[in-house]
Amino acid sequence: MAPIGLLPDTNGNLNHINNGTRPKILHLGDDIQYHLDIHSRLLSQFHIIRPNPTNLTRSEFIRHLKDQTWGDFSAIMRPFWNTGNEMRPWDRQLIELLPQSMKVMASAGAGYDWVDVNALAEYGILYCNGAGASTESVADMALWYIISVFRNMTWSSLAARSNSTSQWKKAHLQIALKSDNPRGHTLGIIGLGNIGFAIAKKARAAFDMDIIYYDKLRKSEDQETQVGAEFYDNLDDMLEQSDCVLIATPAGDPIITARTLALLPRGARVINIARGSLVDEEALADALESGHISAAGLDVHANEPDGNVNPRLSKMQNVTLTSHTGGSSLETVAEFERLAMENVERVLNGEKALTAVNTHLTQQHTNGEASRHANGDGANGERRNGRYSDWPPTYGSS
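So, in structure tokens, the structure goes:
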């Protein structure tokens, strides 16, 4: 049975009954579960379309975009991280098929390495992520990781679960000789954005750690004072002073490599709660085996989303591994949902987006011709002529 207020069409898609001429929102993924009041508000303003889940595979999704099954929708809303992205990656092949009416794509999740936000900007489309929703959860997880790599918690846990008297005794008697308290040690954070700043704040308050950081943008003096952080404009210099380096920066090329690992003091620790691509895992395994790095903790992995953890790292008792669950809490999920809905609502009503990430890119295209409007083919093959002169709108701000 279709949810209240929605009727199925011949393709199995669910449509809001009172569609009229209201702007259309393509809702990908699961039903709204936590902020029903906001969803009711959307239903009163917009025509919400729920594609049949069988239409979300990449091939089927492309076919329906070409056939304009869902018409001229103005927004795509994906409130939950686990569903609604079966057609990924969101590359130019998908983006160029979106209708000219598209204004905003809002999705759960803070990372957006799976979507080409530059291509969206070229087509005049804002991308809004779930920034801030997972900050507390990830920062809490990072604090646990700090404890784990300083106190050898994985070794202790594995020994306790082994049901082996010898392993239990070995851990019980030897861990103290290989462990330190975090207090007074230097935590070097790569990327002091919202999550990095929250980690610094917690590590300072809980352990009185010395905080140093490297970032492309320096925090204000007041923010640095709040967490007692010292700024380094050179990553190599920061690494040389770090007892533990923690990565909290967006996806990109590897930062932790054989060269940068060698810069860390002998016995340093490495933690990655950002993206797996940022660490050369083979180089890290080498550094751990040599003893240059004493412990490591990875919530994210190079082979995501396949779930294949580096086999060398998975066998090491001084390496803590989790399944990219740093942001996994009910509070995070509920906030992802809220942000996705409110970003769409605000943009379609001509208001400022809450968490747009590509506003600066759309501004770069303001004086140029966006592909589909200047000389690109539309979803149904017709030429799109004319300059997209009304972009960016005043609401586009991150």
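Heads up: the sequence shown begins at 1 in full-length UniProt numbering, then just goes up one per residue.
Glycine included, every Cβ here is placed at the ideal spot set by N, Cα and C.
Straight-line measurement puts the Cα of Ala-160 at about 23 Å from the Cα of Arg-269.
Ala-108 and Thr-83 have their C-alpha atoms roughly 10 Å apart. Put simply, the stretch 244 to 253 touches the stretch 183 to 196. At least three CB pairs are less than 8 Å apart. Boundaries of the beta strand (DSSP E) around Leu-26: 24 to 27. Contact between the stretch 114 to 122 and the stretch 88 to 100 is present: 3 or more CB-CB pairs across the two stretches fall below 8 Å. Contact between the stretch 90 to 104 and the stretch 44 to 56 is absent: fewer than three C-beta pairs spanning the two stretches fall below 8 Å. Distances from the alpha-carbon of His-172 to those of Ile-190, Ile-189, Asn-181 and Asn-152 put Asn-152 closest. In the DSSP assignment, Gly-196 falls within the alpha helix (DSSP H) that extends over 194 to 207. In this structure, the straight-line span from the alpha carbon of His-301 to that of Val-279 is close to 8 Å. Around the beta-carbon of Thr-359, 16 or more other beta-carbon atoms lie within 10 Å, marking it buried.
In this structure, Ala-106 sits near Met-77, with a CB-CB distance shorter than 9 Å. One alpha carbon belongs to Asp-233, the other to Tyr-214, and they sit about 6 Å apart.
Rounded to the nearest angstrom, the gap between the Cα atoms of Leu-288 and Val-347 is 48 Å. Looking from the CA of Arg-259, the closest CA among Leu-239, Gly-276, Ala-251 and Gly-252 belongs to Leu-239.
Around the beta carbon of Thr-21, a 10 Å sphere encloses fewer than 16 other beta carbons of the protein chains shown; the residue is thus reported as exposed. For Glu-342 and Phe-336, the gap between their C-alpha atoms comes out near 10 Å. DSSP, read as helix, strand or coil, puts Val-138 in helix.
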